[in-house]
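K.L.:
Numbering (this note's numbering), first residue to last: 3 to 330.
Using N, Cα and C, we set each Cβ at its ideal position, and we do this for glycine too.
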Ligand SMILES: [Zn+2]
């Protein structure tokens with residue numbers, strides 16, 4: 003066992019170079035995973051044109067260099083979610099002034115050499131550097147040379163640079179090289195090992211999901227991806243007189259051949275509607291499923307309507323989510 007491995011085993015700070023310890027990292031965004039944000043992508047650890055995350059999964063894409071903390075909706079971004087310094091350090095570089103526009107509108111040429119959008123780099127002890135991208139225009143609250151403390155607000159999540167949805171792209175470098183903060187030092191090609199740079203307080207142990215639900219809820223009509231990207235699970239809420247009753251799920255991290263099923267059950271236990279989709283033809287960074295029914299009678303029967311969404315991968319459930327709606 004090498005000295006480095008021994009230290010990692012003992013849970014001591016990672017010692018680098020001449021004894022300077024790289025600090026542990028706190029969560030760099032003021033959101034709650036599973037509630038108003040999720041990790042959309044990890045670092046691509048595959049040097050080939052293929053892509054593989056630190057668990058040998060597909061929660062990444064070719065050459066992706068950081069962790070993407072995605073807010074559940076544009077509405078959440080407009081409410082303002084703070085970006086936080088991941089550790090004590092000194093601000094090295096800052097860029098602000100890039101418009102908060104989806105790259106779908108701005109075009110790749112419009113953000114050339116500004117892929118990070120509004121962002122900054124912080125230098126820490128032990129050769130560690132953290133970079134924060136796609137922040138909101140005008141939100142950056144620190145200047146080059148400024149000392150910052152772990153957890154200090156440094157700006158807000160935005161939609162600047164090369165992004166289609168509001169998220170913080172967070173890159174960690176050790177001695178100038180990009181590392182996967184969940185698995186520093188993991189052997190190439192291995193699906194485990196390495197040391198997490200996250201402090202226990204970051205709450206990221208067990209954060210990795212093979213696939214997950216970003217938004218789920220009910221609406222009064224067919225759902226569209228723009229509507230769910232805009233307002234997340236907060237859609238027109240059905241009442242007993244709603245013209246239709248629709249259950250929807252926006253899932254992320256799905257893989258080719260995943261089999262999704264969404265079943266909506268009436269208060270009496272009968273199946274009101276179901277969506278049994280064909281297996282996915284390829285990996286999907288995000289996918290919207292919905293199912294529902296138009297109202298026939300004068301009103302929907304009162305009671306609890308239940309939705310059950312499952313994703314099977316190789317016959318095994320990777321997502322199993324139930325949610326319900328009470329109509330009075
Ligand atoms: Zn990213």
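Checking the sheet assignment: what are the DSSP bridge partners for residue 169?
P.N.:
DSSP lists 72 as partners of residue 169.
K.L.:
Report yes if the C-beta of residue 66 is less than 7 Å from at least one heavy atom of ligand 1; otherwise report no.
P.N.:
Indeed, a heavy atom of ligand 1 lies less than 7 Å from the Cβ.
K.L.:
Evaluate the contact criterion for the segment 188 to 207 versus the segment 108 to 115: three or more CB pairs, one atom per stretch, below 8 Å.
P.N.:
They do not touch, by the three-pair rule.
K.L.:
Under the criterion of a Cβ to heavy atom distance below 7 Å, does residue 120 qualify as lining ligand 1?
P.N.:
Flag unset: Cβ of residue 120 not near ligand 1.
K.L.:
Determine the contact status of residue 178 and residue 113, defining contact as a CB-CB distance below 8 Å.
P.N.:
Not in contact: residue 178 and residue 113 (Cβ atoms no closer than 8 Å).
K.L.:
If I measure Cβ to Cβ from residue 320 and keep anything under 7 Å in the same chain, skipping five residues before and after, which residues do I get?
P.N.:
Contacts found: 212, 213 and 313.
K.L.:
What are the residues that DSSP puts in a beta bridge with residue 178?
P.N.:
In the DSSP output, where bridge partners are listed per residue, residue 178 has none listed.
K.L.:
Measure from the alpha carbon of residue 71 to the alpha carbon of each residue in 77, 50, 146 and 35, then state which is nearest.
P.N.:
If we check each option's Cα against that of residue 71, 35 comes out closest.
K.L.:
Hey, is residue 43 close to ligand 2, as in C-beta under 7 Å from one of its heavy atoms?
P.N.:
Ligand 2 is not among the ligands present in this structure, which contains only ligand 1.
K.L.:
Check whether the segment 214 to 225 touches the segment 80 to 98, counting contact only when three or more Cβ pairs, one atom from each stretch, lie closer than 8 Å.
P.N.:
Touching, no, given that fewer than three Cβ pairs across the two stretches are closer than 8 Å.
K.L.:
Based on Cα-Cα distance, which residue from 87, 248 and 264 lies nearest to residue 324?
P.N.:
Of 87, 248 and 264, the residue nearest in Cα terms is 264.
K.L.:
Could you give the C-beta distance for residue 27 and residue 201, rounded to a whole number, given that I count them as a contact under 8 Å?
P.N.:
Yes, they are in contact, since the Cβ atoms of residue 27 and residue 201 sit about 6 Å apart, within 8 Å.
K.L.:
Would you list the residues sitting across from residue 41 in a DSSP beta bridge?
P.N.:
Looking at the DSSP assignment, residue 41 forms a beta bridge with 71.
K.L.:
Have a look at 29, 46 and 165 and flag the residue whose alpha-carbon is nearest the alpha-carbon of residue 204.
P.N.:
The shortest Cα separation from residue 204 among 29, 46 and 165 belongs to 29.
K.L.:
Measure the Cβ-Cβ separation of residue 236 and residue 77 and say whether it is below 8 Å.
P.N.:
For residue 236 and residue 77, yes; Cβs fall inside 8 Å.
K.L.:
Would you call the segment 261 to 278 and the segment 302 to 312 in contact, with 3 or more CB pairs under 8 Å?
P.N.:
Yes: the two stretches touch, three or more of their Cβ pairs being nearer than 8 Å.
K.L.:
Which same chain residues end up closer than 7 Å to residue 167 when comparing Cβ atoms and leaving out the 5 residues on each side of it in sequence?
P.N.:
Answer for residue 167: 72 and 231, listed in chain order.
K.L.:
What residue ranges within the segment 213 to 261 form continuous alpha helix (DSSP H) runs of no fewer than 4 residues, ordered along the chain?
P.N.:
Whole alpha helix (DSSP H) segments, 4+ residues: 227 to 233.
K.L.:
Given this structure, state the Cα-to-Cα distance separating residue 303 from residue 253, to the nearest angstrom.
P.N.:
Going from the Cα of residue 303 to the Cα of residue 253 covers about 29 Å.
K.L.:
Using 8 Å as the threshold, is the C-beta distance between residue 25 and residue 170 below it?
P.N.:
Result no, Cβ atoms of residue 25 and residue 170 do not sit closer than 8 Å.
K.L.:
Is the beta carbon of residue 209 sitting closer than 8 Å to the one on residue 56?
P.N.:
Contact flag unset, no.
K.L.:
Can you look up residue 5 in the DSSP assignment and give me helix, strand or coil?
P.N.:
Reliability of the predicted coordinates at residue 5 is poor, the pLDDT of 36 falling under 50, and the value obtained from them is presented with this limitation in mind. Residue 5: helix per DSSP, three-state reduction.
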